[in-house]
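Here it is as structure tokens:
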């Protein structure tokens, strides 16, 4: 027997729609609470629909934005309802994106600052050239023929 | 009656509305009438070929321009903030 109890008595009527939408056969309007969905998220979600819908933002009340979508092509009530659902999902995606952006801003700024204002006095190309020079000097000091230098020598020697 | 649309100033950037309005001079005479909370955009002498989609097209264009300008402004602010630390 499991000790976990699950409440299953919540009636459907008790569910509250946080997002309400209206449709008139040609367009759908979704009322969005700015306290829950920041304006940046609303812009981000609405912008994703401009290629297939005519989008209009309306200030329906204080801290409330009504996003109206009118498909550019023919539509029907089922398609409009699906569009409203898609917009609601996209709003959630955008809220998450905004929050992640905010929470990682400091670390991103830190890495950008470090990349731009590095204290290194020599560029990486200079360092690589210096390493190559040192390798060549080391070879000269030893004066030992190495296989990777051989082809040119062999080609020259083979002709004689 | 000339078609017009009201754009709330808290949602649409004033500069974006003006900039986009100037681009529609070829298809209509566009006038932007500001009030405290809204910009009313009036379209007169509309080219009949585009009359049915003109206002909708204009709204999409202003929304896109507003988003672009907000992103640019935020990027600029972030750049300034990074330089002060």
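Chains as they are written, first to last, in the numbering used here: chain A, 1 to 160; chain B, 1001 to 1085. Cβ atoms here follow ideal geometry from the backbone N, Cα and C, with glycine treated the same way. None of the values given here were measured: they were computed from a predicted structure.
Of the residues the options, the one placed nearest residue i, counting alpha carbons only
| i | options | result |
| --- | --- | --- |
| residue 37 (chain A) | A:77, A:78, A:93, A:107 | A:93 |
| residue 1057 (chain B) | B:1020, B:1013, B:1002 | B:1020 |
| residue 1043 (chain B) | B:1029, B:1059, B:1033 | B:1029 |
| residue 1076 (chain B) | A:51, A:129, A:109 | A:109 |
| residue 53 (chain A) | A:80, A:21, A:20, A:102 | A:80 |
| residue 25 (chain A) | A:103, A:35, A:69 | A:69 |
| residue 1063 (chain B) | A:58, A:62, A:64 | A:58 |
| residue 1089 (chain B) | B:1072, B:1078, B:1053, B:1036 | Since the first residue of chain B shown is 1001 and the last is 1085, residue 1089 (chain B) is not available in this structure. |
| residue 22 (chain A) | A:77, A:130, A:61 | A:77 |
| residue 48 (chain A) | A:132, A:86, A:135 | A:86 |
| residue 1027 (chain B) | B:1074, B:1073, B:1051 | B:1051 |
| residue 1078 (chain B) | A:107, A:135, A:30, A:75 | A:107 |
| residue 75 (chain A) | A:127, A:125, A:27, A:104 | A:27 |
Assumed close pair residue i, residue j - CB separation to whole angstroms, cut-off 8 Å
| i | j | result |
| --- | --- | --- |
| residue 1055 (chain B) | residue 1007 (chain B) | Not a contact, Cβ separation roughly 11 Å. |
| residue 95 (chain A) | residue 67 (chain A) | The Cβ separation is near 14 Å, so there is no contact. |
| residue 1066 (chain B) | residue 1016 (chain B) | 4 Å |
| residue 50 (chain A) | residue 1060 (chain B) | 5 Å |
| residue 34 (chain A) | residue 55 (chain A) | That pair is no contact at about 17 Å. |
| residue 19 (chain A) | residue 88 (chain A) | 5 Å |
| residue 90 (chain A) | residue 45 (chain A) | 4 Å |
| residue 1009 (chain B) | residue 1038 (chain B) | 6 Å |
Neighbour-count burial assignment, residue i, 16 or more Cβ in a 10 Å radius
| i | result |
| --- | --- |
| residue 114 (chain A) | exposed |
| residue 2 (chain A) | At residue 2 (chain A) the pLDDT is 44, less than 50, meaning the model places this residue with poor confidence and gives no usable figure here. |
| residue 1033 (chain B) | exposed |
| residue 102 (chain A) | exposed |
| residue 111 (chain A) | exposed |
| residue 1068 (chain B) | exposed |
| residue 29 (chain A) | buried |
| residue 83 (chain A) | buried |
As assigned by DSSP and simplified to three states, the class of residue i
| i | result |
| --- | --- |
| residue 1016 (chain B) | helix |
| residue 62 (chain A) | coil |
| residue 72 (chain A) | coil |
| residue 1057 (chain B) | helix |
| residue 32 (chain A) | strand |
| residue 1042 (chain B) | strand |
| residue 105 (chain A) | helix |
| residue 1006 (chain B) | strand |
| residue 38 (chain A) | coil |
| residue 1068 (chain B) | helix |
| residue 98 (chain A) | helix |
| residue 1011 (chain B) | coil |
| residue 191 (chain A) | Any property of residue 191 (chain A) remains undetermined from this structure, which presents chain A solely from 1 to 160. |
Residue i Cβ short of 7 Å to the ligand NAD heavy atom set
| i | result |
| --- | --- |
| residue 133 (chain A) | Here there are no bound small molecules, and the ligand NAD is not part of this structure. |
Given 8 Å, three or more beta-carbon pairs between the segment 26–42 of chain A and the segment 1031–1050 of chain B: no
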